[in-house]
Structures are given as structure tokens and as C-alpha cells.
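First comes the structure, then the notes that go with it.
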Amino acid sequence: MSTMVPSLFAGLVDDASLLPPSFISLRDAMVKHHEHRDAWFAALLGPLLIPATLVSIEPPAGELPVALVGDVPVSAVPIAVEKLRSAGAVVSHVEVPVARRGEDPQPGLTALRTLAEQDKDLQVYAEIPLSWGLLGALDTVTECRAAGLRIAPKFRVGGLAAELFPTPVELAAVICACRDRELPFRLAAGLRHAIRHTDPETGFTHHGFLNVLAAAILATEGAEVAEVAEVLAATHPLPLVEPCRARRDETRPLFVGFGAAGVVEPLTELIRLGLINGGPE
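My numbering numbers the first residue of the sequence shown as 5 and each following residue consecutively.
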């Protein structure tokens, strides 16, 4: 018998081992992903994230749950999706940037809407910059979902510059905006550990994935931005662990998941925090 991953953490961590700056080969990534799928903690795992540019060179063969990360124009995404499907992969979703920081996200969203209309079985995540035009973009995504399209937002919460890390108040406002529009969201970049922390090498303060999960829980209970921001700013595990432990057998609200280059690291931290029991019984 194996220890089961609680429902609250099911599918939380996508396998981002192929995304930059990783140098692992597709073959090695697939082998390791299959090993994780056979492990006792498989329920924690989301799909293997595959860059679209890699698909054009070497699509993975065999049945494998994957998600396409669109580092190509939106018009090229359907071709990459078809290559993955032809190779036998199960495409769970695609993640596509709609604009650079400071650009109008609406044209990119229009292109994504067309993609979603053409392939209604495909879950599409629109990567929306945390900058000008954000709320209007969320309204557009809401309109698309009301029309029956499978579109949801994705946000980057880190990067190679300090301004790419939103403050707790900024991220709390985004979470509450998604809550108000009933939009599930994905996050990328910066979520290296469970608890908010400062990287001693870069000096950047990273959001913790457990902070985000606890903040999403609080937001769905009707909390205001200031209360959600307080949870995002927490650097001690206690105010984060308890609300998650209380909801461990429930479906995760709002926060769909995030990518990690090494899926064992977040697993280890959840075990250390007592939220997953850890290992076969």
C-alpha cells in the first residue's frame, strides 16, 4: 500500500525539467517523468512541460501526459499540438504568452480565442503579464469562458529582474481579481520553495507555493486583498500549514498549479511540513 497524496495537492506540480535553464535531454526527462509516474507520490505530479520549439525538432513518442509551453507564435501552436498527439502524447493543456510586459494583451488573447474555438477539447492558459491591461485581459478571459471556451490565465511571478517579482499586495490583488471572476490560474517562475524566502545569491524574494495555496483558500472564503497579502508575505510556516491541513481532503481552489524543474523538491518540503506523510507504508 502507498501513502496517498491528499486531494488538496493533487496535480499541483508540473514537471518543468525541460524548460530553461535546464540542459536535460528529452529522453532523460521522459525516463525520469515515467519513474515519477510509477512512484507513490504520482498524484502530486502534473504533466511534463514541453517547449514548442523542442516539439518541432523531436516530439516525444509514446503515451505521456504533456503540456505544450508556447515559445512560438500562436499560429504555430496547433501544429505543435498535432505533432504531440500524432506521437501518442496526451496533451493536457497549452500555455501561451499573449504579450510582453507593457504590451496590450488583447491582440494575443484574440488569437488564443481563435485557437480555443478551433480545438474545443484543448485547455488553453493565456500567460498575461502582471502589468498594464491586466484587469481588462481577465475580463476578456471571463467572456471567453462564458462562451464555453476552455481558457484560463497564467502569470509569471519571478524572473531575472526584481521588478518581475510582484509584491504580496500586487499578487493578492491578482488572486482576488481571479476569485471575483471565478478564474482558475497557473503560476510560473520564482516558486522555488514552499515558503516565501529571499535567495541569498540574487537577493530576490520569492513567493512560496504554499503561501499561494493558503492565499487562494483565504480568497475563496471572501478575504480582502490586505488579508490575502498578509498570507503571501508570511515567512513562517504555521499560518500556512494549518489552513492547508484543514482542507487537505478537498479540491484545491483557484490555484491550478506551477512548474518545478525538480518535482521531488516540493514533495520533500511538503513532507517536512507534515502535509504529506511521505513514502510507502
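For glycine and all other residues, C-beta sits at the position ideal for the given N, C-alpha and C.
All of these numbers come straight from a predicted model, not from anything done at the bench.
Three or more beta-carbon pairs separated by less than 8 Å are not found between the stretch 217–234 and the stretch 137–155, which leaves the two stretches without contact. Here the stretch 34–48 makes no contact with the stretch 73–91; the two share fewer than three CB pairs at distances below 8 Å. Unbroken alpha helix (DSSP H) runs of no fewer than 4 residues, entirely contained in the stretch 28–56, are found at 30–41, following chain order. Under the 8 Å Cβ criterion, the stretch 262–282 counts as touching the stretch 190–200, having at least three qualifying pairs.
Here Asp19 is buried: its Cβ has 16 or more other Cβ atoms, across all protein chains shown, within 10 Å. Non-local beta-carbon contacts of Val216 in its own chain, meaning distances under 6 Å to residues more than five positions away in sequence, involve Phe259 in chain order.
DSSP places Ile155 within a strand segment (E or B) once states are collapsed to three. Ranked by Cα distance from Pro241, the options Leu277, Phe208 and Ala250 are led by Leu277.
Listed as beta-bridge partners of Leu72 by DSSP are Ile54 and Val98. Taken through DSSP and simplified to helix, strand or coil, Val245 comes out as helix. Taking C-alpha positions only, His211 is separated from Val161 by approximately 8 Å. With 16 or more other CB atoms across the displayed protein chains lying within 10 angstroms of its CB, Arg256 is buried.
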